[in-house]
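Trainee: Attaching a single structure in C-alpha cells format; questions to follow.
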Amino acid sequence: MKKILSLLVLLVAFTSCEEDVKFNTPAVQSIKGTGAEKVLWKATEFSAVRTGNALTLTATNGFETVILKTTSVTPGEYVLGTGVANKATYALSVDGIEEFYQTGTDLGNGLITISADNTDTTKGYISGFFRFNAVSDAGVTINFQEGVFYKVPIKVAP
Numbered sequence: 120m121k122k123i124l125s126l127l128v129l130l131v132a133f134t135s136c137e138e139d140v141k142f143n144t145p146a147v148q149s150i151k152g153t154g155a156e157k158v159l160w161k162a163t164e165f166s167a168v169r170t171g172n173a174l175t176l177t178a179t180n181g182f183e184t185v186i187l188k189t190t191s192v193t194p195g196e197y198v199l200g201t202g203v204a205n206k207a208t209y210a211l212s213v214d215g216i217e218e219f220y221q222t223g224t225d226l227g228n229g230l231i232t233i234s235a236d237n238t239d240t241t242k243g244y245i246s247g248f249f250r251f252n253a254v255s256d257a258g259v260t261i262n263f264q265e266g267v268f269y270k271v272p273i274k275v276a277p
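Here the sequence shown stands for residues 120 to 277, where the numbers follow the numbering used here.
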C-alpha cells in the first residue's frame, strides 16, 4: 500500500510540473540604440534571398525593416561602410513617419559575419552575426549591435 501511495504521489508531482518551452528558431534580432535608449529589436518576419552568390537578408517587425546585403553566402566577414556591395539599411515607417538609414561608401560602418557553424547553403539556411551604424540623409546615426540571424531559410532568386 505504501508503494502504491508513493507512486501515486510521484505521478501527481510529475504531471503537475508542466513547462512550456518556446524555441526561437529561426530568428533575427539585435540590440538597437545606445546607452539608455538600448532596446531589443526582434524580427517577426524574415527571409534570405540568394541571387547568384550574393545574399540579401530582410527582417521586419511590421514597421521597422533591416536589410543586410553581402557579396557572397560564403562564411566570412563582410565589412560595411567601404562600398555599396556589402550594405546594411534600416527603415522605419509608422503613422506617417518615414525614416531611412544606410551604410555605403564612407557612410556608416559595421560588419556582417556569416558563420560556418549553423550555415548550410545546400540544405537552405544561413546563420551569423551583424552590427552596424547607419546614417540618414540628415546625418543622424542609428546603431545596431550584437545582432544575430540564426538558421534563416534561403530562397534562390530565379
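Just so it is clear, CB atoms sit at the ideal spot from N, CA and C, and this is done for glycine as well.
Treat the numbers as computed from the prediction; the structure is a model and nothing was measured.
Comparing C-alpha positions only, which one of F219, V198 and F248 sits nearest to G258?
Mentor: Among F219, V198 and F248, the Cα nearest to that of G258 belongs to F219.
Trainee: Between which two residues does the beta strand (DSSP E) containing F251 stretch?
Mentor: It spans Y244 to V254 - the beta strand (DSSP E) in which F251 sits, taken as one unbroken run.
Trainee: So what does DSSP say about G266, is it helix, strand or coil?
Mentor: In this structure, G266 counts as strand in the three-state DSSP scheme.
Trainee: Buried or exposed for A276, going by 16 or more other Cβ atoms inside 10 Å?
Mentor: Looking at its Cβ environment, which holds fewer than 16 other Cβ atoms inside 10 Å, A276 is exposed.
Trainee: Runs of 3 residues minimum, wholly inside the segment 140-228: which ones carry the beta strand (DSSP E) assignment?
Mentor: Within the segment 140-228, the complete beta strand (DSSP E) runs of at least 3 residues are 146-151, 158-161, 164-170, 173-179, 183-189, 195-199, 206-213 and 216-221.
Trainee: Find out if the Cβ-Cβ distance for the pair A173, F165 is shorter than 8 Å.
Mentor: Not in contact: A173 and F165 (Cβ atoms no closer than 8 Å).
Trainee: Just to check my reading of the structure: P272 and P145 have Cβ atoms closer than 8 Å, yes? What is that Cβ distance to the nearest angstrom?
Mentor: Indeed, because the Cβ distance is near 7 Å, the residues count as touching under 8 Å.
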